[in-house]
Each structure stands twice: as structure tokens, then as C-alpha cells.
Amino acid sequence: MILIGRYRSPFTRRVAITLRHFDLEYEHRPLTAWNHLEEVRRYNPVGRVPSLVLDSGTVLFDSVAILDYIDHLVDPARALLPSREPERHEVLRVVACGLGALEKLTAWVYETTMRPSEKVHGPWAAHNEDQATSALTWLDARPGKLWLALDRFTQADVTAVSLFDFAQLVNPALVTPGRFPRLDALSKHCNTLTEFALTKPGIDVGMTTPSVRGRFAR
Ligand SMILES: N[C@@H](CCC(=O)N[C@@H](CS)C(=O)NCC(=O)O)C(=O)O
Numbered sequence: 006m007i008l009i010g011r012y013r014s015p016f017t018r019r020v021a022i023t024l025r026h027f028d029l030e031y032e033h034r035p036l037t038a039w040n041h042l043e044e045v046r047r048y049n050p051v052g053r054v055p056s057l058v059l060d061s062g063t064v065l066f067d068s069v070a071i072l073d074y075i076d077h078l079v080d081p082a083r084a085l086l087p088s089r090e091p092e093r094h095e096v097l098r099v100v101a102c103g104l105g106a107l108e109k110l111t112a113w114v115y116e117t118t119m120r121p122s123e124k125v126h127g128p129w130a131a132h133n134e135d136q137a138t139s140a141l142t143w144l145d146a147r148p149g150k151l152w153l154a155l156d157r158f159t160q161a162d163v164t165a166v167s168l169f170d171f172a173q174l175v176n177p178a179l180v181t182p183g184r185f186p187r188l189d190a191l192s193k194h195c196n197t198l199t200e201f202a203l204t205k206p207g208i209d210v211g212m213t214t215p216s217v218r219g220r221f222a223r
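For the sequence shown, the working numbering gives the first residue as 6, with consecutive numbering after it.
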């Protein structure tokens with residue numbers, strides 16, 4: 006299998022973490038829509054990452070569809086999204102909140118980095134940041150000690166840590182120490198695990214993101 010996308014993309018990272026968690030081998034191509042748009046579009050008509058090229062040549066895109074496929078490659082008892090209810094919806098509601106927060110955080114990133122500075126609309130940026138904060142607060146308040154659902158490691162934890170680590174990178178003020186202690190502890194613990202440590206944002210191609218502001222600042 007070939008995974009398309011940099012680990013800096015939290016959507017790509019949650020796929021990479023899951024592949025490694027199940028010891029599934031993949032070749033990694035750290036492409037981005039900003040630097041390799043034509044190539045990325047060959048793997049996803051929307052022109053976004055991640056995509057997963059299967060050994061058959063079929064290409065899956067969008068992390069939700071890819072993770073659904075990966076979970077079906079393993080013994081159902083090991084799947085990170087359980088197939089049975091009520092466990093399935095217990096995990097899904099946490100995953101949905103994490104993905105929603107990621108959408109709001111990326112909307113904040115795009116608003117504050119893609120436009121010429123005089124065209125950044127502060128209230129819209131603040132709205133997205135506030136929505137992400139609300140979601141992070143809900144995630145941080147999940148019952149239980151370490152894991153966010155079912156008292157075991159699931160896709161809820163993979164998604165939440167991908168979110169939290171991405172927030173630390175792009176908006177550290179949002180996740181200052183002590184604000185989301187549960188998520189902070191979860192991230193610290195998970196990053197001691199190989200699948201998280203080997204997919205840290207920036208580990209693949211370096212941390213810098215070439216500014217795309219120039220492309221849109223007309
Ligand atoms: N719903 C998608 C979101 C993917 C996504 O937004 N990827 C970003 C990178 S973090 C991207 O490629 N953005 C390029 C663009 O929107 O033009 C998923 O879960 O895979």
C-alpha cells in the first residue's frame with residue numbers, strides 16, 4: 006500500500022498511526038496539495054490528502070473511508086472502531102467531535118494564513134477558533150482515566166491525539182499547558198508508543214510549510 010500525504014496533516018497522521026498500529030506495511034509519499042497539487046489530484050479528485058493506494062491499484066481517499074477499510078483488514082476484535090453497538094456509537098461520537106474540531110482548526114489556519122493580512126476577517130477566524138475550543142473542552146471532559154472511550158485504545162484516541170498535536174503545532178495558544186489536561190496527558194502517553202512517535206508532524210519532511218499566501222493573495 007502507498008500512503009499519500011505528510012504527517013503534518015492530522016488526517017493523514019491518523020491513517021498512518023492506524024496502519025502502524027496494525028503492523029501493516031506501507032510506502033509513504035509525503036505530498037501536499039500546496040506543493041504537488043497535480044499529483045495529489047491523481048490520487049483524489051478533490052485534491053486533498055490523505056489517499057491510500059491499495060496493492061490492487063484501487064485508490065481510497067478521505068481518512069474516514071480509508072480507516073473503515075483498514076479496520077476490515079484485521080480481526081474484528083482488534084478494530085479501532087468496533088462493529089457492534091453500543092460500543093460503535095460510543096467511539097464514533099468522540100471521533101466525530103475530534104474531526105469537527107479538526108475542520109474548525111483547519112478553517113482557522115486557512116483564514117489566518119492564506120489571505121493577504123488586510124483581508125483576514127477576524128470575527129470569522131475567532132468563530133472557528135471558538136468552535137474548536139468548544140470541541141476540545143468536550144473531548145477533555147470525557148469520563149474515564151486515560152482512553153477517551155470504552156476504557157481501551159480506539160480510533161477516538163488516535164483522532165484526539167492527532168488533533169491535539171496539530172493544535173500544538175499551528176495554534177499553541179489554543180492548547181496552553183493546563184487548559185486541556187486530559188488531552189495533554191493522553192498525547193504524552195500516546196507519543197511514547199511507536200506508531201505515534203514515528204508519525205510525528207514534521208518527522209517525514211521537516212516542519213516548514215511553504216507559505217501559500219502568495220498564491221491566493223491577489
Ligand atoms: N475529510 C478529509 C479532510 C482532508 C483534508 O482536509 N486534508 C487537508 C490536509 S490537512 C488538505 O489536503 N487540504 C488541501 C486543500 O483543502 O486544498 C479527510 O478526513 O481525509
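Using N, Cα and C, we set each Cβ at its ideal position, and we do this for glycine too. Just so it is clear, the structure is predicted and the values come from calculations on it, not from any experiment.
**Asked** Mind checking L225: buried by the 16 CB within 10 Å criterion, or exposed?
**Response** Any question about residue 225 goes unanswered here, given that the chain covers just 6 to 223.
**Prompt:** Would you call the segment 163 to 176 and the segment 105 to 118 touching, i.e. three or more CB-CB distances under 8 angstroms?
**Reply:** Verdict: yes, contact present.
**Message:** Assuming R46 is part of the alpha helix (DSSP H), what are its boundary residues?
**Reply:** Counting along the chain, R46 sits inside the alpha helix (DSSP H) bounded by residues L42 to Y48.
**Request:** Using the beta-carbon of each residue, find all residues closer than 5 angstroms to any heavy atom of ligand 2 and list them in chain order.
**Result:** No copy of ligand 2 appears in this structure; the ligands present are ligand 1.
**Prompt:** Tell me, which residues are paired with V58 by DSSP?
**Reply:** Bridge partners of V58: I7 and V64.
**Item:** Residues sharing a beta bridge with R34, DSSP
**Value:** According to DSSP, which records beta bridges pairwise, R34 is partnered with I9.
**Reduced DSSP secondary structure (H/G/I, E/B, other) of A140** = Note: A140 maps to helix in three-state DSSP.
**Prompt:** In whole angstroms, what separates the C-alpha of H77 from that of L85?
**Reply:** Cα to Cα, H77 sits roughly 10 angstroms from L85.
**Coil, strand or helix - T111 by DSSP** = It is helical.
**Request:** Give the secondary structure of P215 by DSSP, where H, G and I count as helix, E and B as strand, and everything else as coil.
**Result:** With a pLDDT of 49 at P215, under the threshold of 50, the predicted position of this residue should be treated as unreliable, and no value is reported.
**Prompt:** Which whole-angstrom value is the C-beta distance of T117 and A131, which I expect to be below 8 angstroms?
**Reply:** T117 to A131, Cβ: 10 angstroms. No contact.
**Request:** Determine, using beta carbons only, whether Q160 and V96 come nearer to each other than 8 angstroms.
**Result:** Taking 8 angstroms as the cut-off, the beta carbon of Q160 is found closer than this to the beta carbon of V96.
**Request:** Report the rounded CA-to-CA distance for R19 versus F66, giving the unit in angstroms.
**Result:** The straight-line gap from Cα to Cα measures roughly 13 angstroms.
**Asked** By the 10 Å Cβ neighbour count, where 16 or more other Cβ atoms means buried, how is S88 classified, buried or exposed?
**Response** Classification of S88: exposed, given that the 10 Å Cβ count is below 16.
**Prompt:** With distances taken between CB atoms, is the gap from Y12 to D209 smaller than 8 angstroms?
**Reply:** Taking 8 angstroms as the Cβ cut-off, Y12 and D209 qualify as a contacting pair.
**Prompt:** What number of angstroms, rounded off, separates the C-alpha of A21 from the C-alpha of S122?
**Reply:** Pairing A21 with S122, the inter-Cα distance amounts to about 34 angstroms.
**Asked** Which residue from L72, E43 and V51 puts its Cα closest to that of L57?
**Response** Nearest option by C-alpha distance: L72.
**Prompt:** Apart from the five residues just before and just after F190, which ones in its own chain have a Cβ nearer than 8 angstroms to its Cβ?
**Reply:** Strictly speaking, residue 190 in this sequence is Ala, with Phe absent from that position. The answer, listed in chain order, is L151.
**Same chain, Cβ closer than 7 angstroms to P215, five either side skipped, listed in chain order** = No answer about P215 holds up, because its pLDDT of 49 lies below 50 and its placement is not dependable.
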